[in-house]
Each structure stands twice: as structure tokens, then as C-alpha cells.
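Undergrad: Right, I'll just put the structure down here and ask away after.
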DNA sequence: CGGATTGTAG
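In the UniProt record's numbering, the protein residues as written are 1 to 585.
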């Protein structure tokens with residue numbers, strides 16, 4: 001189509017144009033065509049030179065040539081520079097984009113809104129927020145601040161760089177908010193961990209005149225996944241189906257991910273089976289969905305299917321598979337996968353795979369083998385040692401635990417979580433004076449523990465429970481009900497778990513009693529606010545403590561309710577007094 | 001002439 005256009009507007013034979021197309025982005029061929037253009041006099045054609053420069057701009061190896069060309073072209077126009085900026089931006093070459101922008105200014109060609117969207121996107125791609133801000137001011141000076149394309153790209157830039165309040169400021173100033181601006185803002189919140197804000201904005205969008213599209217759904221579904229907001233996720237799924245949206249790979253995968261992380265992995269499987277085209281990402285999402293639920297067999301089944309008629313697994317697939325094996329206690333299967341990963345698929349084991357292996361061996365009780373494994377690594381990362389300490393704690397191996405925890409601290413002396421782990425191991429051995437010592441170090445270093453919180457969704461609204469901020473929905477009624485529950489389970493044999501003494505030193509504030517851990521509060525709230533037969537779902541940001549785990553087992557029995565808790569690592573399904581993790585966490 | 005937004009693990 002370009003060709004006809006060109007031959008119409010150019011007095012030169014289209015053979016020159018065809019030669020350009022044949023040359024593609026290859027430098028040598030481009031040189032030849034350029035030489036030919038000069039000999040035939042066609043080098044005075046701006047359109048042919050522009051095409052030449054664009055082609056040079058579509059490959060890293062010829063970008064320098066494009067720069068030289070752009071300087072040599074006698075009467076460049078806006079289209080030439082905008083194209084060069086856009087193409088170098090597509091290659092991820094921010095500084096070339098800026099170079100062309102400077103050339104443009106130098107040639108006294110006024111930049112357009114196209115110029116700025118390309119430039120801003122370039123900055124966003126590499127998170128160059130400082131440069132982005134100066135481009136922002138250039139756009140302002142040139143009078144493009146009410147251009148909806150420029151505004152949307154700025155929202156995306158600031159959102160991606162984590163400057164959400166700036167992004168929101170630009171967003172709020174927009175007179176006409178395009179679907180892209182909404183999506184950039186929603187997914188910006190979600191990707192920076194502000195899932196609640198993403199959902200709130202999605203609700204606001206519902207009141208606007210802009211209709212959501214597949215990118216909106218992907219963003220809000222990811223937010224639901226973070227929050228464990230199954231009801232809202234279901235609602236979005238229904239909306240997608242009822243409005244006839246096609247389930248493309250990205251959207252389908254977002255749904256699988258949402259269902260997996262919201263505790264309805266079966267429904268995720270239904271979506272998965274219905275998807276026509278599946279890429280590695282979709283397969284991996286399905287496998288990891290099973291993995292975090294401890295459904296090792298199902299993960300393996302999907303993996304086998306993938307081997308038969310799916311794409312090649314990648315390094316992330318193997319992380320998902322290995323962690324599925326780790327959580328299901330499938331050590332032999334895990335070992336086999338690990339060796340097959342390199343031998344059959346040429347995937348070199350990386351840090352994450354080593355973490356999975358140590359975790360898997362350690363959980364299964366092969367502590368010495370796990371330790372040997374760590375020692376054989378060239379440079380064990382903090383995550384590897386964390387897995388090691390966790391395993392020692394789980395199997396109550398004090399000596400190894402202290403050793404590993406100290407190594408961990410030596411690598412990352414400023415991470416509060418590591419001190420917590422060390423003090424946990426000490427407490428495990430009853431060395432309370434050392435626990436106190438670690439605590440004092442933490443206070444001296446002003447290291448703050450991570451704040452634990454739990455989220456529960458009731459009537460499509462999410463409620464966050466945390467030791468730090470007591471919201472108005474945490475009423476005395478909730479506390480009273482929780483106390484009643486604790487009394488009830490004590491009557492049927494619950495005794496506060498051993499670990500209880502030290503947990504208050506662990507991840508949540510020590511001044512609060514153990515029974516007020518956020519997951520227990522959320523649970524009491526959920527039981528109070530929902531109908532008898534419904535499943536309770538809670539999402540916790542940290543790992544559950546042993547005492548809460550035990551208490552919730554009892555609570556599931558005395559209340560005859562199914563309770564599903566997602567903690568930092570995996571799911572726990574409590575029913576009739578037992579948990580699907582089989583206390584294997 | 002053409003643009004800005006979207007997924008997988010830990």
C-alpha cells in the first residue's frame with residue numbers, strides 16, 4: 001500500500017523503492033541502495049530517503065547509519081523525524097530517540113503530539129523518569145498538555161515508574177479520558193502493588209462513559225489475583241463472557257492466574273481447557289495454580305500434557321513445576337524434572353531453581369542434602385539461605401538453622417526478615433536470651449518488621465485487617481466473636497501451639513496478643529458477615545504462623561465451614577479440622 | 001503516514 005502511494009508521489013521509478021524493501025534493515029544492502037539512489041539522482045527524493053532512514057532505524061546494527069543519514073538529508077520534515085523517533089523507540093534506543101528529537105529542534109521543525117507520545121513511551125520503556133519529566137515539560141511548553149494521547153502516555157510513564165500520585169494527577173486533569181488512560185492508571189496501580197486502588201478505579205470507570213476492554217480486564221483481574229477477590233473476579237469473568245469478548249491468550253491467562261490465586265483452581269482449569277491457543281505463559285500459569293494449592297499430581301499432569309502437545313517449557317515453567325513438587329512432597333519427581341530441565345530442554349538452572357531444590361529437599365527432611373546443595377553453589381543467594389533456614393525451623397534442627405541464619409545475615413545484614421528468622425531459630429531451641437539479643441540488634445539498627453495483614457472479601461468488597469491500622473469495621477463484636485471461637489476450640493482440644501511465644505516476635509507486632517493475628521480477625525469477621533454454607537477465603541501477605549494454622553483447623557471443625565487461606569507461599573484449605581497442606585508447609 | 005494500555009514465579 002505504501003508502494004502505490006510512493007510511486008504516485010515520486011517521479012522516480014518504483015524500482016528504487018522496491019530495492020529498498022528488498023534490502024530490509026540490513027546495513028550492507030542499505031548502503032548499496034543508497035549509493036544507487038545517488039547515482040540515479042533519486043537521493044533528492046525525501047520520501048525515498050525517509051524510507052531508507054526508517055529501514056536503517058529498524059535494526060540495532062544500522063542505527064548509527066540512520067543517525068548519519070538524518071543529518072545529511074537536506075530538507076527533513078516532521079514525518080521523517082517522528083518516524084525516526086518512533087522506530088528507535090521501538091528498538092528501545094532511548095538516546096537515539098532523543099538524538100532525533102534534538103535534530104528535529106535543530107532543524108526548526110516543530111514537534112507534534114506524535115513526537116511526544118513516541119518520546120514518552122521511550123522513556124517509559126526503560127523507566128527513565130527523570131528524562132521523562134523533561135520531555136513532559138517540553139510537551140507542556142509546546143502546548144500539548146491537553147492532547148489526550150500525550151496525557152495517556154504520561155500517565156503510563158509515571159505509573160510504570162511508580163510515581164502513582166503524579167500519574168493520577170495527570171489522569172485527573174484529563175478532560176476526555178480515553179480507555180488507554182484508564183487502563184494505564186488501573187494497571188499502574190496493580191503493578192505497583194496497589195490492587196485496592198486498581199479495583200476502586202475500575203469501579204469509578206464503571207460510572208464513566210468509557211467501556212472496559214480486554215486490557216482493562218487484564219489489569220483488574222490481576223488486581224483481583226493480588227487481593228484474592230474471587231467474587232469480583234467472577235463478576236469480571238461473567239462480564240467478559242456476557243459481552244462477547246474473545247478470550248485471547250493474555251486475557252485467558254489473566255483469568256487462569258486470577259482463579260488460581262483466588263483459590264478456585266478448578267475454574268481456572270475450565271478456562272484453560274477452553275482456550276484455543278495456549279502459549280508457555282498460559283501453561284505455566286495453570287501449572288503454578290495447581291502448585292500453590294499443593295496439587296502436585298495435577299501440576300504434573302498438565303506438565304505432561306504440555307510435553308506432548310504444548311510449547312517448550314521455559315525457565316519459569318520449571319520454577320513452577322519444582323515448587324509444585326516441593327509443596328506436594330514429590331521429591332523424586334522434582335529431582336527428575338530438575339535434571340531433565342537441562343538435559344532435555346537446555347534450560348540452565350538459575351537461582352530460583354536452586355531455591356526450589358533447597359526448599360524441596362529441606363521440606364522433605366533431607367536437611368543435610370539440602371545443606372550440601374547450598375554449599376556447592378557458587379554464590380548462594382539470600383533466598384537460598386532463607387529456604388534452608390525455613391527447613392531447619394520446620395524440622396527443628398537448631399544447629400544447622402543457626403548456621404544458615406548467620407550466613408543469611410552475613411549476606412544481607414539490613415533485611416529485617418532475616419533477623420526475625422534467626423530469632424525464631426533461637427527461640428526454637430529455647431535460647432530466649434539470644435532471642436532478646438537479636439531483638440536488641442534490630443532495635444539498634446532501626447529495622448522494622450514487615451507488617452502482617454489479611455484480606456477478606458465480603459459482598460464483592462475487600463476488607464484489610466492489620467495490626468497497624470484498625471479500621472472501623474473491626475468492631476468489638478468481631479473481637480467478642482473471636483474470643484468466643486477461641487474458647488470453643490479450646491473445649492475441643494485446641495492448645496496454643498508451641499511456636500506461639502516466639503511468633504509475636506516474628507512477623508506481627510508483639511504487643512498484640514496472639515489471638516488477634518490478622519488472619520484470625522479476618523476469619524471472625526468473615527464468619528460473622530457471611531452465610532453459613534459459604535466458603536471463607538482469606539489472603540495473607542506473610543506466612544501463617546503455626547498457631548493460627550492449628551486454630552483455623554479447629555475453627556473449621558466447630559463452625560463446620562470450609563476455610564481457604566492463601567499465605568505468602570501457598571494455599572491452605574481447611575475443612576473438618578484438617579488442612580490440605582497436611583501440615584507440610 | 002502514525003500513537004498511548006495488557007499475562008506467567010519468588
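Each residue gets a CB set at the ideal place from its N, CA and C atoms; glycine is no exception.
Quantities reported herein were computed from a predicted structural model and do not represent experimental measurements.
#1: At 4 residues or longer, and completely inside the UniProt repeat "PPR" (314-344): list those alpha helix (DSSP H) runs for me, N to C.
#2: Considering Cα atoms alone, identify which of 157, 106 and 76 is closest to residue 116.
#3: Using DSSP with H/G/I as helix, E/B as strand and the rest coil, what is residue 454?
#4: DSSP state of residue 530, grouped into three classes?
#5: Where do the N-terminal and C-terminal ends of the alpha helix (DSSP H) with residue 87 fall, by residue?
#6: Would residue 160 be called buried (16 or more neighbouring beta carbons within 10 Å of its own) or exposed?
#7: Can you list, in chain order, the residues of its chain with a C-beta nearer than 8 Å to that of residue 528? Leave out the 5 residues immediately preceding and following it.
#8: Give me the DSSP bridge partner(s) of residue 566.
#9: Looking at the structure shown, is residue 558 part of a helix, part of a strand, or coil, going by DSSP?
#10: So, under 8 Å CB-CB, residue 179 and residue 198 are touching, yes? Tell me the CB distance rounded to an integer number of Å.
#11: Check whether the Cβ atoms of residue 250 and residue 218 sit closer than 7 Å, and answer yes or no.
#12: Within the same chain, show all residues whose beta-carbon is closer than 8 Å to that of residue 458, passing over the 5 residues directly before and after it, in chain order.
#13: Using a Cβ-Cβ cutoff of less than 6 Å, which residues in the same chain neighbour residue 581 once the five nearest sequence positions on both sides are dropped?
#14: What does a CB cutoff of less than 8 Å around residue 353 pick up in its chain, not counting 5 residues either side in sequence?
#15: Could you round the C-beta distance between residue 550 and residue 494 to whole angstroms and report it? I think they count as a contact, below 8 Å.
#16: Go through its chain and collect everything with a Cβ distance to residue 334's Cβ below 7 Å, but skip five positions before and after it.
#17: Strictly by DSSP, which residues pair up with residue 462?
#18: Give the straight-line distance between the Cα atoms of residue 540 and residue 399, rounded to the nearest whole angstrom.
#19: Where do the ends of the alpha helix (DSSP H) carrying residue 37 lie?
#20: Cα-Cα, which of 242, 266, 537 and 237 is closest to residue 254?
#21: Alpha carbon to alpha carbon, how far is residue 85 from residue 101? Give it in angstroms, no decimals.
#22: From this set, 69, 80 and 130, which residue's C-alpha is nearest residue 111's C-alpha?
#23: Between the alpha carbons of residue 18 and residue 83, how many angstroms are there, rounded?
#24: For residue 538, I'd like the list of residues in its chain whose CB is within less than 8 Å of its CB, leaving aside the five on either flank, ordered along the chain.
#25: Near residue 507, what residues of its chain come up, given a Cβ to Cβ distance below 7 Å and the 5 sequence neighbours on each side ignored?
#26: Any idea what DSSP makes of residue 578, helix, strand or coil?
#27: Taking 7 Å as the threshold (C-beta atoms), are residue 51 and residue 20 in contact?
#28: For the alpha helix (DSSP H) containing residue 361, name the first residue and the last one.
#29: Taking Cβ positions, are residue 384 and residue 374 nearer each other than 7 Å?
#30: Exposed or buried, what is residue 371 when buried is set at 16 or more other beta-carbons lying within 10 Å of its beta-carbon?
#31: Mind checking which residues open and close the alpha helix (DSSP H) that includes residue 409?
#32: Could you give the distance in angstroms between the alpha-carbon of residue 184 and the alpha-carbon of residue 190?
#33: Whose CA, out of 31, 365 and 222, lies closest to the CA of residue 193?
#34: Is residue 231 helix, strand or coil by DSSP?
#35: Specify the secondary structure class of residue 209 as computed by DSSP and reduced to three states.
#36: Going straight from the alpha carbon of residue 298 to that of residue 425, what length do you get?
TA: So, from the data block:
#1: 315-328 and 331-343
#2: 157
#3: strand
#4: coil
#5: 78-90
#6: buried
#7: 477, 478 and 481
#8: 539 and 571
#9: helix
#10: About 15 Å; that fails the 8 Å criterion.
#11: yes
#12: 525, 526, 529 and 530
#13: 294 and 572
#14: 315, 318, 319, 322, 338 and 341
#15: 7 Å
#16: 322, 325, 326 and 360
#17: 457
#18: 30 Å
#19: 27-40
#20: 237
#21: 7 Å
#22: 80
#23: 20 Å
#24: 228, 454, 455, 456, 519, 522, 523, 526, 563, 564, 565 and 566
#25: Caution applies to residue 507, whose pLDDT of 46 falls short of 50 and renders its modelled position unreliable; the model cannot decide the point.
#26: strand
#27: yes
#28: 351-363
#29: yes
#30: buried
#31: 398-411
#32: 10 Å
#33: 222
#34: helix
#35: coil
#36: 34 Å
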